[in-house]
Structures are given as structure tokens and as C-alpha cells.
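One structure below.
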Amino acid sequence: MSEQPTTEKVEKKKVILSAIQPSGTITLGNYLGALRNWVKLQDDYNCIFAIADLHAITVRQDPQKFRQNILNAYALLLACGIDPEKSPVFIQSHVHTHAELAWLLNCYTQFGELSRMTQFKDKSQKYANNVNAGLFTYPILMAADILLYQADMVPVGADQKQHLELARNIADRFNSIYGKTFKSPEPYISRSGARVMSLQDPAKKMSKSDENVNSWVAVLDKPETVMKKFKRAVTDSDAVVKIGEGKDGINNLIGILSAVTGKTAEEIEFEFEGKGYGDFKTAVGEAVVEELKPIQNRFNDFINHKDYLEEQYKKGAEFALRISQRTLDKAMKKIGFIAK
Ligand code: TRP
């Protein structure tokens, strides 16, 4: 029998990588469904986070706004509780290995595989006048993001599952040609992530691309805006605050209140027994305002300390380059490129 694994092996934390696009708005749905859980993962895993700015140019960006959005996304990540001392946070375009590995992986990905990506199909309809090649190869860049860090797990929402599956296929294919080079990443399914639905059409997921601004709440929305949006939230005609079929609006509001207060749905139902929807919606709005207040304060603080942000993203990029360069070198060597 072999020896017990060495302590090094036992103690080595698994690597989790995730990234977020700097799209200008981070919604309550992004926060409760993803970001807040990233914060919790920081102690148990080696987390690495990125602002996926290279991904963002698959749709046209206004240069000035884009620059602002990248920095805002960075500040917001820290404001939500990502601690760059624990988990490196970098800006994707600062780390040249991403675009380089993406090119290599382009040559190990089939046209047919990319054509099956449902997000590509949706986006090429939505941006019909700019169906650029980047929109098509976008999942390859995402695969590079993940594989460069030999990530064990990637926290993904339903919309990114197919992309992660593709990253696994690319890794497996490369490994089967050249021997083990990349770790095949697993999805990290969170137990606690809330699925936040639109406040106007609660059958749909909350999304900032919804034209109706009342359907989503941004993490940086002013308190009065948050209150207004919750007061207008769609409910039903039963007037009972209770989880139930055909009560998508109320179910969603109960879910949100539960996510921000930690109360169970039963506790909430009990608390609002005999009360009207008006009171309930006000209570949900107030609880969300309370939850967002410290994040907004920290965000304002960070955005006024650009030198601190710069220090952090530079450190993040240095770390990311060090790790990712090793993987890139290894892959290039296996393919047969001459070492520099
Ligand atoms: N494509 C992801 C999104 O739009 C963002 C992303 C880019 C990402 N690279 C990643 C997510 C790597 C996880 C891992 O949401």
C-alpha cells in the first residue's frame, strides 16, 4: 500500500477562477446569484478573479465609457467583499497570455462546436449588424482564461454552462493529443446562490439588458430608485405573502428578502401574515437598500482612491502573468514551438 498523501497534497486548496464582464451595470441578480458567493469562497479555495474586458469588445464599446466601466467593475468587486490580498483580481487585457493561449486554442476548437453555442445564436440575432468573429470565438477566450490557471472549478450560472463544457472539451482534446497539459475544469454549483427574477416579468431572469429599467435593480442604484422599483414590482391578485404556484412575483420577492436577511421563506410568510403586498414590497425594498448601502459606500471610497485600485490591479496582473505564463509555455512547447 502506498503512503498517506503528503500534507502538501492534503492542504492544497483547489483553484477557483471566475470573471465578470465590465458591462456598466452589476445587478442585484449578479450580486445575490454570483458575486456574494465568490466572497464566501475566498477562505476555502484559492480564488482568482478577473474583469473580462477583452470579452466585452465583442460588442461595440464607447472608449470613454468602456474605460470607466472597467474601473467601476474592478472597484465594485472589491466593494462587494472580494479581498485582493486573499484573491488576486486582475484585468484580463493586462495579462497577455490570455489572448495568446486563445489563439492556440482556436486551432483546437471545431467550427461546429462553436456553432452550437446557444449564446452565440442569441447574440448574433441581437447584434445582427455586427456578427463579428470575436462573438463566435468568445468561448475560446473564456476557455483560455480558465485553463491558464489550471482551475479546478468555475462558478457558473446556467448561461455559461455550455461554455464551460466547451472548455473541458478543448482541454481534454489537447491533453489527448499531447499528454496532460491542462486541468479539465468542473462547474462549481453553489448551494446558496439565489436566482433573482425580473421584477416586471418574474418568469424571466433579472437582466440588465431588459429594456424595462424597472425590471432590474443595480447594485449602485440610489435608495429611492430601489424603493420605486420594488414598489412597482409585479405581484398577483391573491394578496397573500406565501410561496405558491402561479405566484412568480411573490416567490421572487420572498426569495430576495430571504437572500438579504437570511430569514427562511416560512419565517417571512409568518411575518407578513395578514399584511398587504404594499407593506411587503416596502419591506423588501428597505432590506435591499440596507444590504446595498455598505457596498455603495465602499465603492465610492474605492473609486475616489484610484491609486489604490491601480496598485491592486497591477499586483493582480503580475500574479496572473506568473501563473499563466507557465501554462502557456508548457502548451507551446508541447505543440512544438521553439522556446525563446
Ligand atoms: N463569459 C462570462 C460572462 O459573460 C465571463 C467570463 C469570461 C468568464 N471569462 C470567464 C466566466 C472565465 C468564468 C470563467 O459572464
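Numbering-wise, the sequence shown is residues 28 to 367 according to the working numbering.
Glycine included, every Cβ here is placed at the ideal spot set by N, Cα and C.
All values derive from a computational prediction rather than experimental measurement.
If you run the structure through DSSP and keep just helix, strand and coil, what is A77? strand
Could you tell me the alpha carbon to alpha carbon distance between S285 and L191, rounded to whole angstroms? 29 Å
Does the beta-carbon of V183, which I'm using as the reference point, lie nearer than 8 Å to any heavy atom of the ligand TRP? yes
Give the secondary structure of V116 by DSSP, where H, G and I count as helix, E and B as strand, and everything else as coil. strand
Cβ of N73 within 9 Å of Cβ of V42? yes
6 Å Cβ shell around K207 - same chain, five flanking residues per side excluded: none
Do T52 and A245 have their CB atoms nearer than 9 Å? yes
Could you check the C-alpha separation between N99 and Y335 for me, to the nearest Å? 13 Å
Tell me, which residues are paired with K232 by DSSP? M224
Residues of its chain near G8, where Cβ-Cβ distance is below 7 Å and the 5 sequence neighbours each way are ignored: Because the chain in this structure spans residues 28 to 367, residue 8 falls outside the shown range and cannot be described.
For V223, which of L62, F329 and F307 has the nearest alpha-carbon? L62
Entirely within the region 125-153 and at least 4 residues each: give me those alpha helix (DSSP H) ranges in chain order. 138-142 and 145-153
What does M359 pair with, by DSSP beta-bridge criteria? M359 pairs with nothing; no bridge assigned.
Tell me whether the region 340-348 and the region 286-298 touch, counting them as touching only if at least three CB pairs, one residue from each stretch, are closer than 8 Å. no
Kindly give me the distance between the Cβ atoms of I78 and Q119, rounded to whole angstroms, as I take these residues to be in contact under 8 Å. 6 Å
Check whether the region 106-122 and the region 139-157 are in contact - that is, three or more C-beta pairs closer than 8 Å. no
Please tell me whether, using a cut-off of 8 Å, the distance from the CB of Q189 to the nearest non-hydrogen atom of the ligand TRP is below it. no
Is DSSP giving P111 helix, strand or coil here? coil
For P321, report the span of its alpha helix (DSSP H) as first-last. Y304 to I330
Given 8 Å, three or more beta-carbon pairs between the region 162-179 and the region 191-204: yes
Identity of the residue in M359, R353, L105 and G363 nearest Q177 by Cα: R353
Through-space distance from E317 to S142, alpha-carbon basis: 44 Å
So, S351 versus L128, is the Cβ gap smaller than 9 Å? yes
Distance between beta carbons of E213 and D179, contact taken as under 8 Å: 7 Å
What residue from S50, Y304 and T85 has the CA that sits closest to V267's CA? Y304
Spatial neighbours of N96 within its chain, please: C-beta separation below 6 Å, excluding the five flanking residues on both sides. P49 and G51
Could you give the DSSP three-state label for E238: helix, strand or coil? coil
Uninterrupted alpha helix (DSSP H) stretches inside the region 236-288 (no shorter than 4 residues): 250-258 and 275-288
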